[in-house]
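Before any comments, here is the structure.
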Ligand code: NAP
């Protein structure tokens, strides 16, 4: 497209002011019928598909998974799409559309359906144009040939990028860089090769770089903070870099990965938070992250780098809730057992004439009390894993939709199920080991056993084995090897069966204590405490199994709404 066809900066500012070209209806839009190439001068806008608008052929629908609700058209509501506005005439603009990522002139985008709305101008293509090699590879510069730099080079080369490495001393690392597929040059030479530079050097050395050569470039800052001095309220290293080179566009990314996992294959989370004050630079880096087989997480402005730089130091944050819950349950169970088995009778005896305190009742605290506290915690946690799903089902039934947010406490509880389940397994394991080491142990209470003893033991063994299978299936490496149906069969059907068996394990063991409740010491016995959550969860689940309720719930989960949400205007 000739430069005379460009939208001027003033026109762009006018567009920004209006914020929203509302669904383009008022405009005389010509949707091209054949793919059109974006060209220099084309303006990049952020696109919002309207409800009911099908994605144009060839446009990948969003897979970000941030929003659980797909729009009617199947487009992700959160995935940023780039709209190229051909700028030939204001009265007859040309549109084309593409997914986020690299925006290079000449890219053919599929036809654009005019029923879209879009907000904010992101820039023009030439502002963000990356050089492309003769063989059509996008070229980036990696500054630094250390561990992280080399890991990035390997990954970028695999993703078909052309990588130029900027080194203080190219001869020293030439062999390793070449083996990884990169081309090594001096810093001055390399920095002329692309306007996208990944800074893979320790942050304290940034000021020793030739900063003038970094001007007006997109700088990806991968640096991590020193954990000893990290403070989330202080300015991030990325913001410092932006202040050092004000004309550059700094993007924070990749710092949450390690050099090892980048080069050997990511085992944990593939999420890569990306933040920058420049929308298009952020989208562009999100595209690179995707190209590397990772999942970009748009974290907004560069200020958020303060939190992003703290991510590598997070210590068991997702486990906090589950851990606290399990500790509370464990201590409640422990004190109930201590009171019931060691303190209650002794305290009663003390009130009798010549009554003595029998210290020998404490002999077995370390093993019996530990074992039963762990088993009580395990079964309560197992029930607690399934209870929030049941509550969520009732909430959805009551509201008649799956599209309304659950209360925060329920959301948090639902998200902690995996951790609760693994802590359940941990407690069950300790219980099993204690019981194995005490072959003459009776478990809870001292009931007269007949057929109930072998049945209680069999239920326990089966419940423990199945809990082990559930734990294994929750491992990402195992879970990802299953189909959705296999996974949901294990976590749902097998999980409920495990809970049922565990409840029978308890019921057969504490039957006497249940049928003749004993409140002699004014608090419930451990038999009564341990059965509450499993029975409550199972009883609440039963109505959901009725065909009429099950059908209503299935419809809601398929997206039907009792009171349909009005279409957005
Ligand atoms: P490294 O092994 O120490 O390598 C640093 C490289 O920076 C050197 O090989 C050197 O390459 C270059 N450099 C440029 N100027 C320098 C100077 N004045 N002094 C020393 N080195 C200079 O560090 P790294 O582990 O690759 O980490 C690089 C960056 O990635 C750091 O900011 C780090 O926080 C971040 N990061 C690392 C990891 C990881 O797992 N290692 C993970 C996440 C983030 P030349 O000799 O070729 O110039």
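Residue numbers (my numbering): 1 to 569. Where is the CB? At the ideal position from N, CA and C, for every residue including glycine.
Looking at the strands, I want to know which residues DSSP matches up with residue i.
i           : result
residue 252 : 221 and 275
residue 298 : 274
residue 185 : 166
residue 143 : 166 and 199
If you compare alpha carbons, which of the options is closest to residue i?
i           : options               : result
residue 402 : 315, 563, 269 and 417 : 563
residue 200 : 340, 290, 140 and 534 : 140
residue 208 : 272, 228 and 241      : 241
residue 539 : 297, 272 and 387      : 387
residue 372 : 275, 330 and 350      : 330
residue 294 : 327, 314, 255 and 321 : 255
residue 183 : 157, 205, 203 and 204 : 157
residue 356 : 343, 147 and 366      : 343
residue 288 : 512, 366, 251 and 191 : 251
residue 464 : 283, 374, 514 and 177 : 374
residue 523 : 264, 558, 340 and 236 : 340
residue 326 : 364, 275, 513 and 379 : 379
residue 297 : 279, 275, 303 and 366 : 275
residue 436 : 467, 368 and 414      : 368
residue 192 : 219, 206 and 213      : 213
residue 171 : 561, 164, 211 and 186 : 186
residue 211 : 246, 236 and 479      : 246
residue 159 : 363, 502, 262 and 513 : 262
residue 146 : 138, 346, 167 and 162 : 167
residue 531 : 269, 376, 485 and 490 : 376
residue 338 : 485, 249, 163 and 364 : 364
residue 248 : 220, 492 and 459      : 220
residue 266 : 194, 485, 292 and 509 : 292
Let me know the secondary structure DSSP gives residue i once reduced to three states.
i           : result
residue 159 : coil
residue 563 : coil
residue 199 : strand
residue 307 : helix
residue 215 : coil
residue 405 : coil
residue 553 : helix
residue 512 : helix
residue 68  : Confidence is the limiting factor: at residue 68 the pLDDT is only 27, short of 50, which leaves the residue's position unreliable and the question unanswerable from this model.
residue 210 : coil
residue 421 : helix
residue 176 : helix
residue 322 : helix
residue 27  : With a pLDDT of 31 at residue 27, under the threshold of 50, the predicted position of this residue should be treated as unreliable, though the coordinate-derived value follows. Looking at residue 27 - three-state DSSP - the assignment turns out to be coil, as it is neither helix nor strand.
residue 363 : coil
residue 358 : coil
residue 529 : helix
residue 466 : helix
residue 351 : coil
residue 498 : helix
residue 427 : helix
residue 395 : helix
residue 506 : helix
residue 443 : Residue placement at residue 443 is poorly supported in this model, since its pLDDT is 47, which falls under 50; the coordinates still yield a value, given next. Reduced to three states, the DSSP call for residue 443 is coil.
residue 293 : coil
Answer yes or no: do residue i and residue j have a C-beta to C-beta separation smaller than 8 Å?
i           : j           : result
residue 310 : residue 230 : yes
residue 452 : residue 511 : yes
residue 470 : residue 478 : no
residue 366 : residue 305 : no
residue 313 : residue 227 : yes
residue 423 : residue 381 : yes
residue 425 : residue 468 : yes
residue 222 : residue 243 : no
residue 197 : residue 143 : yes
residue 501 : residue 536 : no
residue 561 : residue 400 : yes
Looking at the C-beta of residue i, does it have a partner C-beta in chain C at a distance below 8 Å?
i           : result
residue 240 : Although the question refers to chain C, the structure presented lacks it and comprises just one protein chain.
Give me, in chain order, the residues of the same chain whose beta-carbon lies closer than 6 Å to that of residue i; leave out the 5 immediate sequence neighbours on both sides.
i           : result
residue 63  : Reliability fails at residue 63, whose pLDDT of 31 lies under 50, so the model's placement of it is uncertain and no value is given.
residue 556 : 396 and 402
residue 416 : 321 and 322
residue 430 : 374
residue 188 : none
Which same chain residues, not among the five before or five after residue i, have their C-beta less than 8 Å away from its C-beta?
i           : result
residue 549 : 397 and 543
residue 553 : 393, 396, 397 and 544
residue 482 : 473 and 490
residue 541 : 386, 390 and 496
residue 419 : 318, 319, 321, 322 and 323
Going by beta carbon distance, what residues of the same chain come within less than 7 Å of residue i, once the five residues before and after it are set aside?
i           : result
residue 180 : 150, 153, 154 and 157
residue 174 : 184
residue 224 : 255, 309 and 312
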